[in-house]
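Residue numbers (this note's numbering), protein chains in the order written: chain A, 30 to 143; chain B, 28 to 137.
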């Protein structure tokens, strides 16, 4: 079975540019999560969706960050404009609510803002 | 005090050793407990999960929860070099409301 698929795996861009990260959850999963991982702060939840609806976006650091889930098989996390302090690894995870099973993660997007 | 605390390591052990990884937490409402393994440049991989207290065993891995002490452990028996990774504990009031520990880096030396 395909796991959570994220793209791109690596992104290097200049400060001020728009960055779009993509995620395809595991088929049949109805909750999707975006996390950010840094050495200083560890793994932090940014936002999560349930049945394509944003449930909790309290972890989104600023208005420069936005996330969408237009359908059950696709989500984006956008940063506009990007800043060097946004450099981190961004993970997407998914799960099926009610399955009594935890979240499964993708392999992340390593983002570097110069 | 952070909600979830974990020794960051690094922890270095010889091959074949028994490894004990631990986390403490402060929120007595937590009922769901997980361990994830993360290899370098990869995503966290679900290793074990359990609800409420008690032990759970899967091959060389045993997860233990002590809710009275707010303490969880992961034991690895007969550790192998392939176990070298960062181990993240995670816990919450449900599987969708989860807090992660900072991770313990483990190296198993052949």
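Note that the Cβ used here is the ideal one computed from N, Cα and C, for glycine as well.
Because the structure is a prediction, the values reported are computed rather than measured.
I'd like to know if residue i contacts chain B, where contact means its C-beta is closer than 9 angstroms to some C-beta of that chain.
{"i": "residue 41 of chain A", "result": "no"}
{"i": "residue 33 of chain A", "result": "yes"}
Is the CB of residue i under 9 angstroms away from at least one CB in chain A?
{"i": "residue 90 of chain B", "result": "no"}
{"i": "residue 81 of chain B", "result": "no"}
{"i": "residue 128 of chain B", "result": "yes"}
{"i": "residue 114 of chain B", "result": "no"}
{"i": "residue 38 of chain B", "result": "no"}
{"i": "residue 73 of chain B", "result": "yes"}
{"i": "residue 123 of chain B", "result": "yes"}
{"i": "residue 98 of chain B", "result": "no"}
Inspect the beta-carbon positions of residue i and residue j and report whether they are closer than 9 angstroms.
{"i": "residue 117 of chain B", "j": "residue 127 of chain B", "result": "yes"}
{"i": "residue 75 of chain A", "j": "residue 64 of chain A", "result": "yes"}
{"i": "residue 72 of chain B", "j": "residue 63 of chain B", "result": "yes"}
{"i": "residue 132 of chain A", "j": "residue 122 of chain A", "result": "yes"}
{"i": "residue 133 of chain B", "j": "residue 46 of chain B", "result": "yes"}
{"i": "residue 99 of chain B", "j": "residue 49 of chain B", "result": "yes"}
{"i": "residue 96 of chain A", "j": "residue 86 of chain A", "result": "yes"}
{"i": "residue 55 of chain A", "j": "residue 82 of chain A", "result": "no"}
{"i": "residue 70 of chain B", "j": "residue 94 of chain A", "result": "no"}
{"i": "residue 55 of chain B", "j": "residue 83 of chain B", "result": "no"}
{"i": "residue 105 of chain A", "j": "residue 37 of chain A", "result": "no"}
Would you grab the beta carbon distance between residue i and residue j for me? Rounded to a whole angstrom, and I think it's under 8 angstroms.
{"i": "residue 47 of chain A", "j": "residue 109 of chain A", "result": "4 angstroms"}
{"i": "residue 57 of chain B", "j": "residue 120 of chain B", "result": "6 angstroms"}
{"i": "residue 85 of chain B", "j": "residue 124 of chain A", "result": "Incorrect: roughly 19 angstroms between the Cβ atoms, too far for contact."}
{"i": "residue 66 of chain A", "j": "residue 136 of chain A", "result": "So it is not a contact: roughly 12 angstroms between Cβ atoms."}
{"i": "residue 130 of chain B", "j": "residue 35 of chain B", "result": "7 angstroms"}
{"i": "residue 117 of chain A", "j": "residue 140 of chain A", "result": "6 angstroms"}
{"i": "residue 73 of chain A", "j": "residue 88 of chain A", "result": "6 angstroms"}
{"i": "residue 40 of chain B", "j": "residue 106 of chain B", "result": "6 angstroms"}
{"i": "residue 60 of chain A", "j": "residue 78 of chain A", "result": "7 angstroms"}
Item to check | Cβ-based contacts, 7 angstroms cut-off: residues of the segment 54-87 of chain A near chain B | outcome: So the close ones are 60, 71, 72 and 77.
Item to check | Complete beta strand (DSSP E) runs within the segment 62-118 of chain A (minimum length 3 residues, chain order) | outcome: Within the segment 62-118 of chain A, the complete beta strand (DSSP E) segments at least 3 residues long are 71-79, 82-85, 94-100 and 103-108, listed from N- to C-terminus.
Next on the checklist: Residues of the segment 41-70 of chain B in Cβ contact with chain A at a cutoff of 7 angstroms, in chain order, please.
Outcome noted: From the segment 41-70 of chain B, only 61, 69 and 70 have a Cβ closer than 7 angstroms to chain A.
Next on the checklist: Beta carbons nearer than 9 angstroms to chain B: which residues of the segment 115-138 of chain A have them?
Outcome noted: Residues passing the 9 angstroms Cβ filter: 118, 120, 121, 122, 124, 126, 128, 129, 130, 131, 132, 133, 134, 135, 136 and 137.
Checklist entry - Quick one: complete beta strand (DSSP E) runs, 3+ long, within the segment 91-129 of chain B? => result Listed in chain order, they are 98-103, 112-121 and 124-127.
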